[in-house]
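These notes are about the structure you will find just below.
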Amino acid sequence: MKGIKTTIAAVAALLAAGSAHADPVKVGMITTLSGGGAGLGIDARDGFMLAVKQANNPDLQVVIEDDQRKPDVAVQLADKMIQQEKVDVLTGIIWSNLAMAVVPSAVAQDKIYLSVNAAPSQLAGKGCNKNYFSVSYQNDNLHEAAGGYASSAGYQKAFILAPNYPAGKDSLAGFKRFFMGDIAEEVYTKLGQTDYAAEIAQIRASGADSVFFFLPGGMGIAFMKQYAQSGVDIPLIGPAFSMDQGILGAVGDAALGVKNTSNWSKDIDNPTNAAFVETFQAEYGRLPSLYASYGFDTANLLLSAMGKASISDKEAFRDALRSADFNSVRGNFIFGPNQHPIQDIYVREVVKEGDVLTNKIVGVALKDHSDAYASECSM
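Going by the UniProt record's numbering, the first residue of the sequence shown is number 1, and it counts up by one from there.
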C-alpha cells in the first residue's frame, strides 16, 4: 500500500506570536493509518492535528505517513523523512516493535523523538537518550496500576494474557510487579490475533478469580466479543488500551462494568481537558480516545518548546521540552529524569451515558507514579 502523505503548514501565529524564535520546525509523523490497528493511529493523528490547528503557528509543518503496522515500512519512512524531508522531530508510532525499529537510529542521528504512545522499557532505562521523550507513559505504567487495583479489590489468582511483542511483555511484567496474588497462567498471543477460543478455554479451566488482558485495537474487540459469547464469568481487568473509546463502540454492552486503568479520561476535571473533549468531538464527530489525548498533549508540548527556543539550538530546545510548560489534558505534567511522565493513574469503569458506552473514573490507582526503569537511565 502506498503511504498516506499529508503536509500541513498552519497559517497565522498564536503560540509563536511575540516570540523571538521564528525558526520553522518540520515534524515527521509516522503512524498506523491502515489495517487492524488503524483506529489507534488515526486517533493519535487527529489529536495531534487538532492542537496544530488550534495553534495556527506558521512555523510548524507536519508530514504524515502510514506505517501499515510494519517495522520495515516504518524504518523506510523514517529514513526518507530524515534524509529527504529533513524533518527536525519525529513522532506518531503506536506499536512498540515499530518504535524499537525506528527510535534508536533516529535519536542517534540527533533527531528529537516525541512518543505519542509506544514507550518500551528498553528506551526508559539503559537505552534512554537525551533526544527521546515519552509524552504518554512508560509501557508498564497502566498495567502496574491494574495489578495494584486487582490486589486492592481482593483478587488472589489472576490469569494474564497479552500479545507477544515488547509492549505485551512490558504489560505483564508491570501487572506482576504490583499484583500481590498468584498467577494462574501467563499467556502470550500472536500480535494481530483475532481467534481466542483456545485462550478462553484455558481461562475457563485455570481456576483463576480474575483475568488481566492487554489486547489493544482489533485484538481487544475480538477477544471481548468472544469472551462475552463464551459464558465465562470470571471478572476482566485491563489497561485503558483494552477498553478504549474505539473498542467500546465495537464490543457493545458486554463491556459494561469492566474496570480498567488509565492516565487519561474524558472526565478528568480541568479546563484544558474539558475543552479538548468538546473541540475534538466538534471537529471529528466522535469522542476522543486515550490515543487522541496523547497526540494532543504531544503537539502542545512541541508548540510550547517552539515558543521558548529555536530548533537550531538543540540543547536549548531539549531544555524547553523538559520544562513541559504547557496545559496538559491530564493536569500538571512533569517529566522524570528519563524524560517519561510522572503522573496519576486512575481506575475507570465502563458505563453507558445515553446510548454511548464510555469510561468513568472511580478512583486513583497510583498517585504521582514514575516508572521502574528511571534509575537505570544515566542521562
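For every residue, glycine included, the Cβ atom is placed at its ideal position computed from N, Cα and C. Predicted model only: the values in this text are computed from it and were never measured.
So what's His-21 in DSSP terms, helix, strand or just coil?
Reading the sequence shown from its first residue, position 21 is the one you call residue 21. Residue placement at His-21 cannot be trusted, given a pLDDT of 46 that sits under 50; what the coordinates show is reported in the next sentence. Looking at His-21 - three-state DSSP - the assignment turns out to be coil, as it is neither helix nor strand.
Counting beta carbon pairs with one atom in the stretch 60-74 and one in the stretch 319-327, are three or more of them shorter than 8 Å?
no
Straight-line gap, Tyr-291 to Asp-43 (C-alpha atoms, nearest Å)
The residue given as residue 291 occupies position 291 in the sequence shown. The residue given as residue 43 occupies position 43 in the sequence shown. Roughly 6 Å separates the two Cα atoms.
Looking at the strands, I want to know which residues DSSP matches up with Pro-163.
Locating residue 163 in the sequence shown gives position 163, where the first residue counts as 1. Answer by DSSP bridge pairing, in chain order: Thr-189.
According to the Cβ coordinates, are Val-362 and Glu-349 closer than 8 Å?
Counted from its first residue, the sequence shown places residue 362 at position 362. Counted from its first residue, the sequence shown places residue 349 at position 349. Yes, the pair counts as a contact, with Cβ atoms nearer than the cut-off.
In chain order, what residues of the same chain have a beta carbon less than 7 Å from the beta carbon of Gly-257, not counting five sequence neighbours either side?
What you label residue 257 is simply residue 257 of the sequence shown in a count that begins at 1. Same-chain partners within the cutoff: Glu-349 and Val-350.
Tell me the residue span of the beta strand (DSSP E) that contains Ala-365.
Along the sequence shown, read from residue 1 onward, the residue named residue 365 stands at position 365. 356-369 is the span of the beta strand (DSSP E), which, as asked, contains Ala-365.
Starting from the Cα of Lys-367, find the closest Cα among Val-356, Ile-345, Met-379 and Leu-357 and give me that residue.
Locating residue 367 in the sequence shown gives position 367, where the first residue counts as 1. That would be Ile-345, whose Cα lies nearest to the Cα of Lys-367.
Three-way DSSP call (helix, strand, coil) for Arg-69 in this model:
As a working note, residue 69 is residue 69 in the sequence shown. Correct three-state label for Arg-69: coil.
Pick helix, strand or coil for Tyr-196, following the three-state DSSP scheme.
Residue mapping note: residue 196 aligns to position 196 of the sequence shown, counting from 1. Here Tyr-196 sits in coil by DSSP.
If you reduce the DSSP assignment to three classes, tell me which class Gly-125 lands in.
Counting from one through the sequence shown, the residue named residue 125 turns up at place 125. Three-state DSSP puts Gly-125 in coil, outside helix and strand.
Could you spell out the range, first to last residue, of the alpha helix (DSSP H) harbouring Val-87?
Against the sequence shown, residue 87 aligns to sequence position 87. Taken as a continuous stretch (DSSP letters only), Val-87 belongs to no alpha helix (DSSP H), as it is neither H nor E.
Who pairs with Asn-260 in a beta bridge, going by DSSP?
For this step, residue 260 is matched to residue 260 along the sequence shown. In DSSP, Asn-260 forms a bridge with Gly-238 and Arg-348.
So, under 8 Å CB-CB, Thr-298 and Leu-114 are touching, yes? Tell me the CB distance rounded to an integer number of Å.
The sequence position of residue 298 within the sequence shown is 298, counting from 1. The sequence position of residue 114 within the sequence shown is 114, counting from 1. That belief holds up - the Cβ atoms of Thr-298 and Leu-114 are roughly 5 Å apart, short of 8 Å.
Sequence-distant residues of its chain with Cβ nearer than 8 Å to His-21 (five each side left out)
The residue you call residue 21 lines up with position 21 of the sequence shown. Low local confidence applies: a pLDDT of 46 at His-21 is under 50, so the model's placement there is unreliable, with the coordinate-based value given in what follows. Closer than 8 Å at the Cβ level, and outside the excluded window around His-21, lie Met-306, Gly-307, Lys-308, Ala-309 and Ser-310.
Would you call the stretch 145-164 in contact with the stretch 123-134, where contact means no fewer than 3 C-beta pairs closer than 8 Å?
no
Between the alpha carbons of Val-356 and Gly-249, how many angstroms are there, rounded?
Within the sequence shown, numbered from 1, the residue matching residue 356 stands at position 356. Within the sequence shown, numbered from 1, the residue matching residue 249 stands at position 249. Whole-angstrom Cα-Cα distance: 8 Å.
For Pro-337, which option in Glu-353, Phe-326, Glu-376 and Gly-331 has the closest C-alpha, if you only look at C-alpha atoms?
Taking the first residue of the sequence shown as position 1, residue 337 is located at position 337. Nearest C-alpha to Pro-337: Glu-376.
DSSP puts Lys-157 in a beta bridge; with which residues?
As a first step, residue 157 is located in the sequence shown; it is residue number 157 there, counting from the start. Lys-157 pairs with Asp-182.
In three-state DSSP terms, what is Tyr-132?
Residue mapping note: residue 132 aligns to position 132 of the sequence shown, counting from 1. Strand at Tyr-132.
Beta-carbon separation of Gly-231 and Gly-47 under 8 Å?
As a first step, residue 231 must be located in the sequence shown, where it is residue number 231. As a first step, residue 47 must be located in the sequence shown, where it is residue number 47. Going by C-beta atoms, Gly-231 is not nearer than 8 Å to Gly-47.
What does the Cβ neighbour count give for Met-219, buried or exposed, with the cut at 16 atoms within 10 Å?
Here residue 219 is taken as the residue at index 219 of the sequence shown, counted from 1. By the neighbour-count rule (16 or more Cβ atoms within 10 Å), Met-219 is buried.
I need the boundaries of the alpha helix (DSSP H) containing Ile-42, first residue and last residue.
Within the sequence shown, the letter at position 42 stands for residue 42. 38-55 is the extent of the alpha helix (DSSP H) around Ile-42.
Taking its Cβ as the centre, do 16 or more other Cβ atoms sit within 10 Å of Lys-259, making it buried, or is it exposed?
As a working mapping, residue 259 is identified with position 259 in the sequence shown. It counts as buried.
Closest Cα partner of Asp-267 within the set Asp-325, Ala-197, Ala-124 and Glu-353
Counting from 1 along the sequence shown, the entry for residue 267 is found at position 267. Of the listed residues, the one whose Cα sits closest to Asp-267 is Glu-353.
Might you give, ordered along the chain, the residues of its own chain that have their beta carbon closer than 8 Å to the beta carbon of Ile-334, omitting 5 neighbours on each side?
Taking the first residue of the sequence shown as 1, we reach residue 334 at position 334. Excluding residues within five positions, the ones whose Cβ falls inside 8 Å are Ala-324, Pro-341, Ile-342 and Gln-343.
Can you check whether the CB of Phe-223 is closer than 8 Å to the CB of His-143?
As a first step, residue 143 must be located in the sequence shown, where it is residue number 143. As a first step, residue 223 must be located in the sequence shown, where it is residue number 223. No.
Sort Ser-312, Ser-370 and Gln-281 by Cα distance to Leu-50 and report the nearest one.
Position 50 of the sequence shown, counted from the first residue, corresponds to residue 50. Of the listed residues, the one whose Cα sits closest to Leu-50 is Gln-281.
Contacting residues, own chain, Cβ-Cβ under 6 Å from Ala-124 (five flanking each side not counted):
Along the sequence shown, read from residue 1 onward, the residue named residue 124 stands at position 124. Here the set comprises Gln-138, Asn-338, His-340, Asp-371 and Tyr-373.
Close beta carbons around Gly-148, own chain, < 8 Å, minus the five adjacent residues each side:
For the purposes of this step, residue 148 is identified with residue 148 of the sequence shown, where counting begins at 1. Within the same chain, Phe-178, Phe-179, Ala-365 and Leu-366 come within 8 Å of Gly-148 by CB-CB distance, once the 5 residues on both sides are set aside.
Can you tell me the Cα-Cα spacing of Lys-80 and Pro-58, whole angstroms?
Taking the sequence shown and counting its residues from 1, the one referred to as residue 80 is at position 80. Taking the sequence shown and counting its residues from 1, the one referred to as residue 58 is at position 58. Their backbone Cα atoms lie some 23 Å apart in a straight line.
Chain-order list of residues whose beta-carbon lies under 7 Å from that of Gly-39 (same chain, five-residue window excluded):
Residue numbering aside, residue 39 sits at position 39 when the sequence shown is read from its first letter. These residues qualify, in order along the chain: Gly-217 and Gly-246.
Straight-line gap, Ser-206 to Asp-182 (C-alpha atoms, nearest Å)
Stepping through the sequence shown from its first residue, residue 206 is reached at position 206. Stepping through the sequence shown from its first residue, residue 182 is reached at position 182. Near 12 Å, if we compare the C-alpha coordinates of Asp-182 and Ser-206.
Drop a sphere of 10 angstroms on the beta-carbon of Ala-240, count the other beta-carbons inside from all chains shown, and report buried for 16 or more, exposed for fewer.
Counting from 1 along the sequence shown, the entry for residue 240 is found at position 240. When all chains shown are included, Ala-240 counts as buried.
For the putative contact between Asp-209 and Lys-157, defined by C-beta atoms under 8 Å, what is the C-beta separation to the nearest angstrom?
The residue given as residue 209 occupies position 209 in the sequence shown. The residue given as residue 157 occupies position 157 in the sequence shown. Rounded, the Cβ-Cβ distance is 5 Å, consistent with contact.
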